[in-house]
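Asks: Be aware that the sequence shown starts at 38, since it is given in the working numbering, and climbs by one per residue. Ideal placement from N, C-alpha and C gives every residue a C-beta, glycine not left out. Remember, predicted model here, so these are calculated numbers, not experimental data.
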Amino acid sequence: MKDSNFLKENNARRLWHPMSHPAESLASPPDIIVEAEGVEIVDIDGHRMVDAVGGLWNVNLGYSCQPVKDAITAQLNRLPYYSIFRGTTNDNVIELAEMLADFFAPDGLSRAFYTSGGSDGVEIALRLARQYHKIRGEAGRVKFLSLKKGYHGTHTLGASVNGNANFRTQYEPLMPGCFHTPAPYTYRNPFNETDPARLAQMCLAAIEDEIRFQDPSTIAAFIMEPVLGAGGVIPPHESFMPGVRALCSKYGILLIADEVITAFGRTGSWTGSRHWGVQPDLLVSAKAITNGYFPFGVVMVADAVAEVFEKDTSGKAAIGSGYTYSGHPVGAAAAIACLRETDRLQVHLNAGARGDQLFAGLQALMARHGVIGDVRGGHGLMCALELVSDRAAKTPIDKKTIGRVHRATYEAGVMVRVSGNNIILSPPLVISEADVAKILSGLEAGFDAL
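1. Determine the burial state of Ser469: buried for a count of at least 16 other Cβ atoms within 10 Å of its Cβ, exposed for fewer.
2. Does DSSP put Ser153 in a helix, in a strand, or in coil?
3. Where in the region 374 to 434 do unbroken runs of the beta strand (DSSP E), each at least 3 residues long, occur, reported from the N-terminal end onward?
4. For Ile460 and Ala108, which I take to be in contact (beta-carbon distance under 8 Å), what is that distance rounded to the nearest angstrom?
5. Per DSSP, what kind of secondary structure is Leu265 in: helix, strand or coil?
6. Among Lys186, Tyr208, Gln400, which has the Cα closest to the Cα of Leu477?
7. Is the shortest distance between the beta-carbon of Trp94 and the beta-carbons of chain C less than 9 Å?
8. Is DSSP giving Phe217 helix, strand or coil here?
9. Along the chain, where does the alpha helix (DSSP H) that runs through Leu133 open and close?
10. Relative to the C-alpha of Asp349, which candidate in Arg173, Gly195, Gly302 has its C-alpha closest?
11. Let me check understanding here. Comparing Cα to Cα, which of Pro219, Leu319, Val321 lies closest to Pro273?
12. What span of residues does the alpha helix (DSSP H) with Leu175 cover, start to end?
13. Let me know if Gln207 comes out buried or exposed under the rule of 16 or more other beta-carbons within 10 Å of its beta-carbon.
14. Using 8 Å as the threshold, is the region 331 to 344 in touch with the region 267 to 287, meaning 3 or more CB pairs across them?
15. Under the three-state reduction of DSSP, which class applies to Met452: helix, strand or coil?
16. Write down every uninterrupted run of the beta strand (DSSP E) in the region 316 to 366 whose length is 3 residues or greater and which is fully enclosed by it, in chain order.
17. So the candidates are Thr191, Cys240, Lys180; which of them puts its Cα closest to the Cα of Phe216?
18. Name the DSSP beta bridge partners of Ser254, please?
19. If you draw a straight line from the C-alpha of Leu113 to the C-alpha of His365, how long is it?
20. Sort Val76, Val270, Gly302, Val321 by Cα distance to Leu292 and report the nearest one.
21. Would you call the region 141 to 156 and the region 351 to 371 in contact, with 3 or more CB pairs under 8 Å?
22. Is it true that the region 95 to 111 meets the region 354 to 362, where meeting means three or more beta-carbon pairs spaced less than 8 Å apart?
23. Would you report the Cα separation of Asn199 and Glu296, rounded to the nearest angstrom?
24. From Ala300 to Gly309, what does the alpha carbon distance come to, in whole angstroms?
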């Protein structure tokens with residue numbers, strides 16, 4: 038590896054980073070992370086930090102999960118790659134499909150379609166939803182509904198159902214037929230409603246109104262995250278997702294659960310859908326399926342949807358979707374090992390306990406620091422702080438000030454993620470009580486720096 042002087046001198050010089058302005062990366066080069074162990078990461082200067090970001094919502098088991106590393110190494114030596122396009126398969130994807138069917142059985146999902154990651158999975162799920170209706174003779178069902186503030190990746194169709202202008206404006210026009218309804222976001226919503234239960238009913242009424250306006254016979258699917266993640270960690274009232282499920286069933290619309298973040302224990306339940314007592318028609322998962330050690334994803338399909346495809350005799354159910362790395366044998370090996378370790382550790386239980394500790398600590402921070410306008414969490418290890426310059430007016434804090442909080446927190450030994458005027462926390466699900474305490478003390482140092 039090149040020495041640190043070379044790496045620092047050339048940092049961001051020839052590399053454009055995702056979700057970044059190239060000029061800003063050149064002016065303020067990103068931190069160079071070179072090592073990791075347990076739930077900690079180490080930068081190029083040897084500075085060690087608790088990773089309160091969990092990689093990018095995906096390193097649920099931490100950075101020292103040896104069974105997954107061993108599985109990847111062994112598979113690279115045995116079969117480093119082969120395609121599972123029509124006519125060939127591999128042993129790992131067969132075994133993994135059985136494991137996934139068992140894991141997702143309480144969610145009513147029994148078939149797996151492999152992808153390279155979350156954005157790919159969203160694209161596949163949306164395509165399968167349209168195809169499902171075409172097989173059934175309802176070719177007019179082509180539209181999609183989704184929530185404002187929702188995040189569904191950055192492929193063109195996924196960006197079209199995205200509910201955040203940051204991922205849309207510079208890439209318009211996007212796909213036609215995608216419509217958005219208000220999110221159950223108690224801190225900011227068009228109804229000026231702060232009661233979660235009442236807001237959920239208002240949002241459900243808005244969804245039904247949009248369904249009727251569009252004409253139910255033209256809508257293929259509604260896609261949503263059980264807890265909105267990248268949009269700022271927005272947990273809905275417990276009545277919301279069941280209400281969406283009921284509306285979808287009433288109008289013949291498929292419900293797609295985007296669980297790229299929430300599957301495999303992050304909410305304190307094994308899936309976000311299960312957390313709310315809902316069975317979706319399609320579920321998208323990636324990230325934690327391999328602990329972030331290998332790019333891999335899956336779309337899980339419900340029995341009733343699978344039956345339509347598998348009993349088709351017209352030829353319309355032939356799946357014209359897939360990726361070179363769908364069902365990659367190394368990714369499947371990693372996922373098998375990861376699922377076993379995830380189950381052995383019962384990480385959803387620790388996510389619930391440590392999530393409660395983190396949420397309570399963040400609420401205590403808010404009581405001491407007026408710059409914190411809202412604290413969101415209470416459902417496992419996904420929390421957010423929304424920062425404001427004026428609590429009464431809810432004026433979003435400026436970029437420079439939240440940057441100061443981030444830097445001081447970093448220097449205090451904690452990595453957090455900044456998204457707009459939010460600080461988002463999604464640490465590994467294996468963190469300890471002491472790790473959470475360190476995250477909170479690091480944030481305290483960050484706010485004390487203002």
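Replies: Taking the structure as given:
1. exposed
2. coil
3. Runs found: 409 to 413, 420 to 427.
4. Not really, about 34 Å apart at Cβ, beyond 8 Å.
5. strand
6. Gln400
7. No chain C appears in the structure shown, which is made up of a single protein chain.
8. What sits at residue 217 in the sequence shown is His, not Phe. Residue state, collapsed to three classes: strand.
9. Per DSSP, Leu133 belongs to the alpha helix (DSSP H) from 128 to 140.
10. Arg173
11. Pro219
12. Going by the sequence as given, residue 175 is Glu instead of Leu. Looking at the DSSP string, Glu175 is not in any alpha helix (DSSP H), and its letter there is neither H nor E.
13. exposed
14. By the criterion of at least three beta-carbon pairs nearer than 8 Å, the region 331 to 344 is not in contact with the region 267 to 287.
15. strand
16. 319 to 322, 334 to 339
17. Phe216 has its Cα closest to that of Lys180, out of Thr191, Cys240, Lys180.
18. The partner list for Ser254 (beta bridge, DSSP) is empty, contrary to what the question assumes.
19. Rounded to the nearest angstrom, the two C-alpha atoms are 11 Å apart.
20. Val321
21. yes
22. no
23. 14 Å
24. 6 Å
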